[in-house]
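Residue numbers (this note's numbering): 217 to 315.
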């Protein structure tokens, strides 16, 4: 199993989405966070589960929520790096503009 690292921007993506879901229904944000955790665990077990979508970035769709986890894989270090968690309606290339 690979290790994982969630970059600060991705943590912010998750936090903002969870807060938004909690504002709509109590506990829904927690279910969102659990869905992210479950998908990250699946990615860690099988990093090649998704095809490469952008340069070296792979994406995995959450099972219940309309979000995609954008990640890269370092096979040498055996680590999955989560670079963003975006709603499927947003421009997925926006993570490349982050500084």
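All residues carry an ideal CB built from backbone N, CA and C; glycine is no exception.
Is residue 301 buried or exposed, if buried means 16 or more other CB atoms sit within 10 Å of its CB?
Within the chain shown, residue 301 is the residue found at index 85, counting from 1. Buried.
If you reduce the DSSP assignment to three classes, tell me which class residue 219 lands in.
On the chain shown, residue 219 is found 3 positions in, with the first residue counted as 1. Strand at residue 219.
For residue 261 versus residue 267, is the C-beta spacing smaller than 8 Å?
The sequence position of residue 261 within the chain shown is 45, counting from 1. The sequence position of residue 267 within the chain shown is 51, counting from 1. No, the Cβ-Cβ distance between residue 261 and residue 267 is not below 8 Å.
Determine the direct distance from the alpha carbon of residue 248 to that of residue 221, and round the result to whole angstroms.
Position 5 of the chain shown, counting from 1, holds the residue named residue 221. Position 32 of the chain shown, counting from 1, holds the residue named residue 248. Looking at the two C-alpha atoms, the distance is approximately 18 Å.
Can you tell me whether residue 271 is helix, strand or coil according to DSSP?
Reading the chain shown from its first residue, position 55 is the one you call residue 271. It is coil, neither helix nor strand.
So within the region 239-285, which uninterrupted beta strand (DSSP E) runs reach at least 3 residues, ignoring any that extend past its ends?
Qualifying beta strand (DSSP E) stretches, in chain order: 268-270, 273-277.
May I have the straight-line CA-CA distance separating residue 225 from residue 286, to the nearest angstrom?
Position 9 of the chain shown, counting from 1, holds the residue named residue 225. Position 70 of the chain shown, counting from 1, holds the residue named residue 286. Residue 225 and residue 286: Cα-Cα distance of roughly 11 Å.
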